[in-house]
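Numbering (full-length UniProt numbering), first residue to last: 1 to 510. Worksheet for the structure shown next.
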């Protein structure tokens, strides 16, 4: 469901109201029974049992929402002042409209209403990983604010305006909504369908330890029936063995939603046209359960997730891979590309709907946490994405923008293809495209039947502009999914010189 028609708007709102009503109706009924409802008004026994279960589950998760997800974030170590200034300069130089930029970080507050101490509060969080004032950073804060005043051609009024607040994800209150047992039952069904669908297409599920599996709700049936064990403590994944001698295997990391279910067709079609004599392209599809509508332990730190993914690749003999990520998966991609122990295993990258490019701009944070939903797609994102407890905690306490941001220079030593959706309601894709294609050498723009393809820097960086598509729609629309499959297969067809050097010293993809 991707269009914003009245029908789809009403459809989405209807189910949000239904799912949101289950817990309050169950609690209300239990209270009525407790105070004595005449027998003629009682519902069937099975519904009474379910109402009690829903009410109990609500108060159980209330503790989770009030205490666990509100616990303070543990910010990463502060880099040196030189590194902080370098980051600030990189960010500041890529801003085209400083007034709009700052106003949006301050939740649409007019720039004239923002005082100097308000600005320092924001800069302190953004570049010093701190919410509390510390006198040893006063000079540095003053320097950053002075630079911004010069770009704005104004002086911030002294003091602090108490009614002015900025978005500071890791220190703001985490906002999350309750999910009913009915909803988690639906997630369980989706999980089972995903398991059997991928099993049919040649994938094996690798589960973590039985005790670790108890830390995931809803419970996972595939843990009981799968004979394959993950070599790492926390990550589960699906694996298809690599038998193709002329192709590189793939590593897929999904985005926020319901896990790997939306990617089933994509994963199946990667080997759909291959003859059995050619062998299969190996695939490892890692599950990030914290952003998959589950209640589970916190998302791993960047060091831990890189270490565990590297161990999974080694376990299956994947020495070099094509990294394919979608949406939130681009966060993991950033960590893998920056990690010295993993980056040399990544031959090339295909990124769909990345949220980490131009992450210092307010759009992703604003659209996920502050924007009031209006269209059907925005309501879908708000209720089923932003307000999920796992997603809210991940973004509010484990999402550190300075660690997650992906710069163009991080991509320059390998072949990269980036798919951007024209109507993305999370990422400002026009802005991202302009940044990626800025200062290009030998740029050419080609047209084809599906949209625009842009080649950048001697075809090392390729930006595919997906006209009339929304965030995630590439995997839904068959014509675009075919385009993505073909792109990934071309990356998988890379070859290397005898010294192991990667593209562009090997055979050209195009």
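Every residue, glycine too, gets a C-beta built ideally from N, C-alpha and C. Since this is a predicted model, take the numbers as computed values, not measurements.
Query, Result
"Close beta carbons around residue 179, own chain, < 6 Å, minus the five adjacent residues each side", "none"
"Reduced DSSP category for residue 345 - H, G, I as helix; E, B as strand; rest coil", "coil"
"Alpha carbon of residue 370 to alpha carbon of residue 255, nearest angstrom", "20 Å"
"Residues of its chain near residue 311, where Cβ-Cβ distance is below 7 Å and the 5 sequence neighbours each way are ignored", "231 and 232"
"C-alpha gap between residue 114 and residue 32, whole angstroms", "50 Å"
"Where residue 99 sits in the DSSP three-state scheme", "helix"
"Buried versus exposed call for residue 46 [16 or more other C-beta atoms within 10 Å across all chains shown]", "exposed"
"Reference residue 13, options 434, 382 and 421, closest by Cα", "382"
"Any beta strand (DSSP E) of 3 or more consecutive residues that is wholly inside the stretch 342-412", "346-352"
"Three or more C-beta pairs below 8 Å linking the stretch 321-328 and the stretch 344-358", "yes"
"Spatial neighbours of residue 70 in its chain, beta-carbon cut-off 8 Å, leaving aside the 5 residues before and after", "173 and 174"
"Contiguous beta strand (DSSP E) assignments of at least 3 residues, all confined to the stretch 184-256", "204-207, 237-240 and 250-253"
"CA-to-CA distance, residue 420 to residue 451, given in whole angstroms", "In this prediction, residue 451 has a pLDDT of 41, which is less than 50 and means its spatial position is unreliable; what the coordinates show is noted afterwards. Looking at the two C-alpha atoms, the distance is approximately 11 Å."
"Cβ-Cβ distance between residue 308 and residue 367 below 8 Å", "no"
"Euclidean distance between Cα positions of residue 492 and residue 250", "7 Å"
"Rounded separation between residue 38 and residue 51 - CA only", "17 Å"
"Alpha-carbon spacing of residue 154 relative to residue 171, whole angstroms", "28 Å"
"Local conformation of residue 421 per DSSP, three classes", "strand"
"Exposed unless 16 or more other CB atoms sit within 10 angstroms - verdict on residue 191", "buried"
"Within the stretch 280-329, ranges of the alpha helix (DSSP H) (whole runs, at least 4 residues)", "302-315"
"Integer-rounded CB distance, given that residue 166 should sit under 8 Å from residue 122", "4 Å"
"Residue 25 - partner residues in DSSP beta bridges", "DSSP lists no partner for residue 25."
"Which of helix, strand or coil DSSP assigns to residue 87", "helix"
"Residue 8 to residue 299 span [Cα, whole Å]", "33 Å"
"Opening and closing residue of the alpha helix (DSSP H) in which residue 63 lies", "45-63"
"Candidates 488, 94 and 169: closest to residue 131 by CA position", "169"
"Strand pairing of residue 19, partner residues [DSSP]", "BP columns for residue 19 are empty, so no partner."
"Simplified DSSP assignment, three categories, for residue 473", "helix"
"Coarse secondary structure for residue 427, derived from DSSP in three states", "coil"
"Residue 494 - DSSP class collapsed to helix/strand/coil", "coil"
"Under the three-state DSSP convention, the category residue 116 falls into", "helix"
"Opening and closing residue of the beta strand (DSSP E) in which residue 151 lies", "Looking at the DSSP string, residue 151 is not in any beta strand (DSSP E); the run it does join, the alpha helix (DSSP H), is 138-152."
"First and last residue of the uninterrupted beta strand (DSSP E) at residue 267", "Segment 264-269 is the alpha helix (DSSP H) holding residue 267; no beta strand (DSSP E) there."
"Helix, strand or coil at residue 260 [DSSP, three-state]", "coil"
"Residue 227 to residue 125 span [Cα, whole Å]", "46 Å"
"Whole-angstrom C-beta distance between residue 23 and residue 54, which should lie under 8 Å", "6 Å"
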